[in-house]
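These notes are about the structure you will find just below.
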Amino acid sequence: MTAIKGSGTPGAPRQLNVLSNFKYEYFVAGISGGVVSTLMLHPLDLIKIRFAVNDGQTTAAPRYHGLKNAIAQIVKTEGVRGLYRGVTPNVLGSGSSWGFYFFFYNTIKTSIQGGNSKKPLGPSMHMFAAADAGVLTLLMTNPIWVVKTRLCLQYADDVNIAESKKYHGMVDALKKIYKTEENIVFLQGLVPGLFGVSHGAIQFMAYEEMKNKYYNYLNVAIDTKLSTTEYIIFAAMSKLIAAASTYPYQVVRARLQDHHHNYRGTWHCVQCTWRSEGIRGFYKGLSPYLLHVTPNICLIILIYEHFTNGS
1 MTAIKGSGTP
11 GAPRQLNVLS
21 NFKYEYFVAG
31 ISGGVVSTLM
41 LHPLDLIKIR
51 FAVNDGQTTA
61 APRYHGLKNA
71 IAQIVKTEGV
81 RGLYRGVTPN
91 VLGSGSSWGF
101 YFFFYNTIKT
111 SIQGGNSKKP
121 LGPSMHMFAA
131 ADAGVLTLLM
141 TNPIWVVKTR
151 LCLQYADDVN
161 IAESKKYHGM
171 VDALKKIYKT
181 EENIVFLQGL
191 VPGLFGVSHG
201 AIQFMAYEEM
211 KNKYYNYLNV
221 AIDTKLSTTE
231 YIIFAAMSKL
241 IAAASTYPYQ
251 VVRARLQDHH
261 HNYRGTWHCV
271 QCTWRSEGIR
281 GFYKGLSPYL
291 LHVTPNICLI
301 ILIYEHFTNG
311 S
């Protein structure tokens, strides 16, 4: 069986079974955090997507004038249920994504540490573990995000769209996409999504490094349990750093997955956005996004840290 030498007593190298790095706690913690946070904050995610794909040219998309106006219009034309379009795949996608992400991330991280949780990795290794976990997670969950985006972009007055693109829930969307479009549609947004892996890598590198610097300041071991407030502060700061660095990929990804647009690929989408909207086009939906993801990541990290630390 594959084994890795640990950093035990000199002269008596410890053998670490790779399978021992697979801990279900990380998977369950990720799922729990992802599901709870998504149920609470889905309306902001839906509005962010609608802002992101609105290029000012697509007549099917309603025009919103800010966050409050968007909420008011959606409730008026679609009811309160309209704020929760796409919530099922979002819950499924967020739960499974965070579950897989934390599972892969901690498995890779533990392998690099040789099983010694007190061993610091440094920025490059934290980013390596986070990037690898992000790629593996994206490959497994991208079809769910395609369906979620399309359901979020079902408008009440969208009367001119083909019946094959009118979806009545997640299962109906999966069936119609599978029957009427090439299966490659489930890979829509995958390329910008791979660029987006840098988002998670930057976020977790920043989070881990801020914690490590703080542990050094306190002069305690790096697996010392922190307070709820400290975890929230580090989670929020790391998310804001990552969002400021990488948000444009989310706009491109949402537009590629939008069934109201017909782009020939990622580069064509980037060109069209730049020509018609300039740099501001790549930051549409940033405000509801930050309102959504900042408490989202704080809640997920909090559940994750307390769950895996046995609190």
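Just so you know, UniProt numbering puts 101 at position 101 of the sequence shown, and the rest follows in order with no gaps. No residue lacks a Cβ here, since even glycine has one placed at the ideal position from N, Cα and C. This one's a predicted model, so the numbers in the text were calculated from it and none came from an experiment.
**OP:** Thinking residue 131 and residue 197 are a contact (beta carbons under 8 Å), I'd like their distance in whole angstroms, please.
**Re:** 5 Å
Original post:
According to the Cβ coordinates, are residue 238 and residue 207 closer than 9 Å?
Top reply: yes
**OP:** Would you kindly work out how many angstroms separate the C-alpha atoms of residue 228 and residue 295, rounded to a whole number?
**Re:** 13 Å
Original post:
Roughly how far, in whole angstroms, is the beta-carbon of residue 135 from the beta-carbon of residue 194, given that I think they are within contact range, below 8 Å?
Top reply: Yes, residue 135 and residue 194 are in contact; Cβ-Cβ is about 7 Å, under 8 Å.
**OP:** May I have the straight-line CA-CA distance separating residue 255 from residue 153, to the nearest angstrom?
**Re:** A straight line joining the alpha-carbon of residue 255 with that of residue 153 spans about 10 Å.
Original post:
For residue 85, does the count of other Cβ atoms within 10 angstroms reach 16, so buried, or fall short, so exposed?
Top reply: By the Cβ neighbour-count rule, residue 85 is buried, with 16 or more other Cβ atoms within 10 Å of its own.
Original post:
Three or more beta-carbon pairs under 8 Å between the stretch 201 to 215 and the stretch 164 to 181, yes or no?
Top reply: Counting Cβ pairs under 8 Å, fewer than three are found: no touch.
**OP:** Would you kindly work out how many angstroms separate the C-alpha atoms of residue 233 and residue 96, rounded to a whole number?
**Re:** Cα to Cα, the separation comes out at about 25 Å.
Original post:
So residue 301 and residue 231 are in contact, right, with Cβ under 8 Å, and what is the actual spacing, rounded?
Top reply: 6 Å
Subject >> Runs of alpha helix (DSSP H) wholly within the UniProt repeat "Solcar" (121 to 213) (minimum 4 residues, chain order) >> reply: 123 to 152, 170 to 180, 190 to 195
**OP:** Go through the UniProt repeat "Solcar" (21 to 111) residue by residue and report every complete run of the alpha helix (DSSP H) that reaches 4 residues or more, in order.
**Re:** 24 to 53, 67 to 78
Subject >> 8 Å contact criterion, which residue 222 and residue 118 should meet: CB distance rounded >> reply: 6 Å
Original post:
Would you say the stretch 87 to 96 touches the stretch 135 to 144, given that touching needs at least three Cβ pairs under 8 Å?
Top reply: Under the three-pair Cβ rule at 8 Å, the stretch 87 to 96 counts as touching the stretch 135 to 144.
Subject >> Which listed residue (31, 44, 216) has its alpha carbon closest to that of residue 120 >> reply: Residue 120 has its Cα closest to that of 216, out of 31, 44, 216.
Original post:
Do the stretch 46 to 66 and the stretch 280 to 287 meet, that is, are 3 or more Cβ pairs less than 8 Å apart?
Top reply: yes
**OP:** Return the CA-CA distance between residue 259 and residue 81, expressed in angstroms with no decimal places.
**Re:** 21 Å
Original post:
Hey, residue 271 and residue 192: beta-carbon distance below 9 Å or not?
Top reply: no
Original post:
Nearest-angstrom Cα distance between residue 103 and residue 274?
Top reply: 37 Å
Subject >> Nearest-angstrom Cβ-Cβ length linking residue 299 and residue 36, presumed shorter than 8 Å >> reply: 6 Å
Original post:
Taking the C-alpha atoms as reference points, what is the distance between residue 150 and residue 140?
Top reply: Cα-Cα distance, rounded: 18 Å.
Original post:
What is the rounded straight-line gap between the Cα of residue 19 and the Cα of residue 247?
Top reply: Annotation note: pLDDT 45 at residue 19 (below 50); position unreliable, coordinate value reported separately. Residue 19 and residue 247 have their C-alpha atoms some 36 Å from each other.
**OP:** Specify, as a first and last residue, the run of the alpha helix (DSSP H) that residue 249 falls within.
**Re:** 248 to 257
**OP:** Throw me the rounded Cβ distance for the residue 157 and residue 77 pair, which I believe falls under 8 Å.
**Re:** 7 Å
**OP:** Pick helix, strand or coil for residue 116, following the three-state DSSP scheme.
**Re:** coil
**OP:** Could you tell me which uninterrupted alpha helix (DSSP H) segments, each at least 4 residues in length, are contained entirely in the stretch 225 to 302, listed from first to last along the chain?
**Re:** 228 to 246, 248 to 257, 266 to 277
Subject >> C-beta atoms of residue 291 and residue 67 nearer than 9 Å >> reply: yes
**OP:** For residue 10, collect the residues of the same chain with a Cβ closer than 7 Å to its Cβ; drop the 5 residues on either side in sequence, then sort them by chain order.
**Re:** With a pLDDT of only 44 at residue 10, under 50, the local geometry of the prediction cannot be trusted, and the value read off the model is given with reservation. Closer than 7 Å at Cβ, skipping near neighbours: no residue.
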